[in-house]
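Residue numbers are given in our numbering: position 13 of the sequence shown equals residue 14, and the series is strictly consecutive.
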Amino acid sequence: MSHSATTRIQEQIGDPVSDAPPVGRDKLEEIFQDIQADMRYDHELNGCLNCGICTATCPAAHYYDFSPREIVQLLWTENLEGIYDAMQEKIWSCAQCYTCAARCPFSNSPGGLIMLMRETAIKHGMESAKNVLRPFSRVMLKLISTGNQLSPDMITPDGFADWGPNVAKVDAPLELLRQAIPMPTLHTTKTAWEVNLKTSVELYTIWEETGVLDSLETIDENLFDVIQDIMDEKRDDYEDWLDDQDDD
Ligand code: SF4
Ligand code: SF4
Numbered sequence: 002m003s004h005s006a007t008t009r010i011q012e013q014i015g016d017p018v019s020d021a022p023p024v025g026r027d028k029l030e031e032i033f034q035d036i037q038a039d040m041r042y043d044h045e046l047n048g049c050l051n052c053g054i055c056t057a058t059c060p061a062a063h064y065y066d067f068s069p070r071e072i073v074q075l076l077w078t079e080n081l082e083g084i085y086d087a088m089q090e091k092i093w094s095c096a097q098c099y100t101c102a103a104r105c106p107f108s109n110s111p112g113g114l115i116m117l118m119r120e121t122a123i124k125h126g127m128e129s130a131k132n133v134l135r136p137f138s139r140v141m142l143k144l145i146s147t148g149n150q151l152s153p154d155m156i157t158p159d160g161f162a163d164w165g166p167n168v169a170k171v172d173a174p175l176e177l178l179r180q181a182i183p184m185p186t187l188h189t190t191k192t193a194w195e196v197n198l199k200t201s202v203e204l205y206t207i208w209e210e211t212g213v214l215d216s217l218e219t220i221d222e223n224l225f226d227v228i229q230d231i232m233d234e235k236r237d238d239y240e241d242w243l244d245d246q247d248d249d
């Protein structure tokens, strides 16, 4: 049997009857170099005693097959296969609470290192990143297009079933209740607060300049296209508004 042509499953998990690793050495090195090249890397990894204090204080380690000590050891020993393997699932268990960083006797930040690994997973378009972020596409659309993470009209009984009996409270007349808030900029339901055109345009520039939109394109091209359309429209509206000011 030839292993030169791989199926989609083999591309993800490797060919179980082949000795060849699922990802070549060059790719593993490229991924590690991307993690290491970030200017935060040297601040967040200063050595590792393998003492396990980070794991003992990590809330995610109590609930998942996950250990910040293990992740730090993989990076510290430059275990390229292990790093790649951890990026397929384990790094997505971290809650980014940074308790580990506060406790590590070496002043490491395991949570910060995990963030670098996540960013690299997104940059490389890994399936694990796409799978983790897919359920958040609605929130990402709201956040990138308005700067608001959650708006009142997103709080629906279907979306928050885990609220139990309290979910009945979200059936309230939102539009009316929002009018009762003393600050007029909060009389909104589609966004948590009023976002003016200039702020939106500035926000889009930040997303562009910081590479957020490039990352988004890597993991969700459809969402990227939708946001590009919204951006173009708002920029046109802002230009029109500026022209109107000049005419007055
Ligand atoms: S990262 Fe810090 S706390 Fe965690 S095992 Fe290494 S030295 Fe210990
Ligand atoms: S930042 Fe992540 S690894 Fe560190 S303690 Fe919190 S959940 Fe655990």
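By construction, the Cβ of each residue, glycine as well, lies at the ideal position given by its N, Cα and C atoms.
With a threshold of 6 Å on Cβ separation, who are the neighbours of residue i within its own chain once the five nearest residues in sequence on each side are excluded?
i: Q89; result: S129
i: S5; result: A caution first: S5 carries a pLDDT of 45, below 50, which makes its placement in the model too unreliable to give a value.
i: S3; result: Here the model assigns S3 a pLDDT of 39, short of 50, so the residue's position is not dependable, and the following value carries that caveat. Same-chain partners within the cutoff: there are none.
i: Y239; result: L198, V202
i: A193; result: N149, S152
i: E79; result: none
i: F67; result: A61, K91, S94
i: G160; result: none
i: C105; result: C55
i: L81; result: L29, F33
i: Y65; result: S94
i: G53; result: R70
i: D27; result: none
Excluding five sequence neighbours on each side, which residues of the same chain lie with their C-beta closer than 8 Å to the C-beta of residue i?
i: D172; result: P158
i: R179; result: P153, L187, H188, T189, T190
i: G126; result: T219, I220
i: I14; result: Residue confidence for I14 is low, a pLDDT of 49 falling below 50, so the modelled location carries little weight and cannot support an answer.
i: W242; result: L198
i: A162; result: V168
i: T200; result: G148
i: D215; result: none
So, are the CB atoms of residue i and residue j less than 9 Å apart?
i: R70; j: C49; result: yes
i: T190; j: P136; result: no
i: L46; j: W77; result: yes
i: E176; j: P185; result: no
i: I84; j: I32; result: yes
i: S138; j: D221; result: yes
With distances taken Cα to Cα, identify the nearest neighbour of residue i among the options.
i: V213; options: K28, R236, K124, I54; result: K124
i: T206; options: L187, N132, V73, K235; result: K235
i: V73; options: A87, A61, G165; result: A87
i: M155; options: G25, V140, G165; result: V140
i: L75; options: H44, Q37, D244; result: Q37
i: S144; options: W208, D215, D237, F107; result: According to the sequence provided, residue 144 is Leu. The question's Ser does not apply to it. Residue W208 is the option with its Cα nearest to L144.
i: D226; options: I182, L142, D248, L204; result: L142
i: D233; options: L204, Q246, D247; result: L204
i: L131; options: D244, Q246, L217; result: For clarity, residue 131 is Lys in the given sequence; the question names Leu instead. That would be L217, whose Cα lies nearest to the Cα of K131.
i: L224; options: H63, L134, C52, A103; result: L134
i: D43; options: A162, T211, F107, D215; result: F107
Rounded to whole angstroms, how far is the Cβ of residue i from the Cβ of residue j, which I believe are closer than 8 Å?
i: R41; j: G112; result: About 11 Å; that fails the 8 Å criterion.
i: T58; j: C95; result: With 8 Å as the limit, T58 and C95 do not qualify as a contact, their Cβ atoms being about 13 Å apart.
Note down, in chain order, each residue of its chain lying with its Cβ closer than 7 Å to the Cβ of residue i, except the 5 sequence neighbours on either side.
i: V146; result: Here residue 146 turns out to be Ser, not Val, going by the sequence shown. Correct list, in chain order: I228, I231.
i: T121; result: I32, D35, I36
i: D39; result: L117
i: Q11; result: Any answer about Q11 is weak, because its pLDDT of 49 lies below 50 and its placement is not dependable; what the coordinates show is given next. Nothing listed; no residue qualifies.
i: N1; result: Since the first and last residues shown for the chain are 2 and 249, residue 1 lies out of range.
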